[in-house]
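In the working numbering, the protein residues as written are 31 to 279.
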Amino acid sequence: MKDILLFLIFLTFICLSCKKQTKQVEPVHEELPVKIDNSSHYTTLDSITIDNELGFNRTFSKEEFNKIIDDYPELFDKDILEPYRAYCDFGYKKGLTSLSEEDEYYIIYAYFLKQRKGHENYDEVRSKILDIYLTLNSFFGYLQYGGTYYTHNQAKILADAEYLIDLFPPDSQHVEYLKDISKQKSLYIMSLRQIIKDEVLFENYATEKDKREKILELNKIVDHLDELITDSYYMHVAQIYQYEHYQSY
């Protein structure tokens, strides 16, 4: 478990804005990109539908689907980059600059990465990881009265879940399980409930009635997260995702 913790904490340091590029040094020699043959992934069907657990389904013609495979060879790399870094290094630089295009990239990313582990091998794990990620996103989104970040984060959550399953599935040799997580889990859940108190009670423009209702709903979300954390693997999944994506808390 130490391996997954250290690795995923490292990811927090590379999740920088795609628009904040470092100063570029002009290369002495411009090398032509080597075209990678990924034609084994082509479809022969007239059209293909990319579906997923969150209902962000997309249908492409054979030509469109096969062109995606040609245009985004990074999605088939053995050592694939984490979703946001892949988008910054490839999707954004290829002109996918709008939020909807960024979402599309994550949906396609998740679809192809899922093929490595299969649709059925990790269905239960995938479902729980997605539930944990979405629950945390709902919690912090509700805490902040929503916003574009939380809405568009849902497509990325698909890609984040597949990336975690690809690198550190529960049956990985790098995952170590703690026999008893009751104390650690209790402290983590308590920390979320404390965030509710700290944030909601000091909202100057909310009525006392609104505050009570918001506190009640947020605690229901935390109750659900509590149910999802059934072992040390899922506890670390929740903690690391929170610290990586909601760092102000």
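Here a beta-carbon is modelled for each residue, glycine too, at the ideal position from N, C-alpha and C.
What you are looking at is a predicted structure, and each value in this text was computed from that prediction instead of being measured.
Check for me: the alpha helix (DSSP H) holding residue i runs from which residue to which?
i	result
serine 77	Where serine 77 is concerned, there is no enclosing alpha helix (DSSP H), although the beta strand (DSSP E) it sits in stretches over 77-80.
threonine 165	153-173
serine 130	129-147
proline 103	Premise fails: proline 103 is in no alpha helix (DSSP H) and is neither H nor E.
tyrosine 122	Careful: tyrosine 122 lies outside any alpha helix (DSSP H) and carries neither H nor E.
tyrosine 114	113-116
Where do the ends of the beta strand (DSSP E) carrying residue i lie?
i	result
serine 91	88-91
Going by beta-carbon coordinates alone, are residue i and residue j separated by less than 7 angstroms?
i	j	result
tyrosine 193	proline 113	yes
lysine 19	methionine 265	The structure shown does not extend to residue 19, since the chain is modelled only from 31 to 279, so the question has no answer here.
leucine 129	histidine 182	yes
lysine 147	isoleucine 99	no
lysine 92	aspartate 76	yes
threonine 165	leucine 255	yes
serine 262	leucine 173	no
lysine 239	valine 230	no
isoleucine 159	alanine 116	no
tyrosine 276	phenylalanine 120	no
proline 200	valine 267	no
alanine 226	isoleucine 245	Per the sequence shown, residue 226 should be read as isoleucine rather than alanine. Going by C-beta atoms, isoleucine 226 is nearer than 7 angstroms to isoleucine 245.
Using 6 angstroms as the cut-off, classify the Cβ of residue i as near or not near the heavy atoms of the ligand NAD, replying yes or no.
i	result
leucine 248	The ligand NAD is absent from the structure shown, which contains no ligands of any kind.
Return the Cβ separation of residue i and residue j in integer angstroms, given the expectation that the two are a contact with Cβ distance under 8 angstroms.
i	j	result
proline 103	isoleucine 78	Contact flag wrong, Cβ pair sits at about 18 angstroms.
isoleucine 219	valine 252	6 angstroms
leucine 197	tyrosine 136	Contact flag wrong, Cβ pair sits at about 17 angstroms.
asparagine 167	glutamine 184	7 angstroms
phenylalanine 95	threonine 73	5 angstroms
leucine 84	aspartate 161	With 8 angstroms as the limit, leucine 84 and aspartate 161 do not qualify as a contact, their Cβ atoms being about 11 angstroms apart.
alanine 140	asparagine 82	6 angstroms
request  = At 4 residues or longer, and completely inside the segment 181-249: list those alpha helix (DSSP H) runs for me, N to C.
outcome  = Listed in chain order, the complete alpha helix (DSSP H) runs (minimum 4 residues) inside the segment 181-249 are 212-230.
task = Quick one: which unbroken alpha helix (DSSP H) runs of 4-plus residues sit fully inside the segment 253-278? Chain order, please.
result = Counting whole runs of 4 or more residues, the segment 253-278 contains the alpha helix (DSSP H) stretches 262-275.
message = Does the structure place the segment 161-179 close enough to the segment 107-125 that three or more beta carbon pairs sit under 8 angstroms?
response = With fewer than three CB-CB distances shorter than 8 angstroms, the segment 107-125 does not count as touching the segment 161-179.
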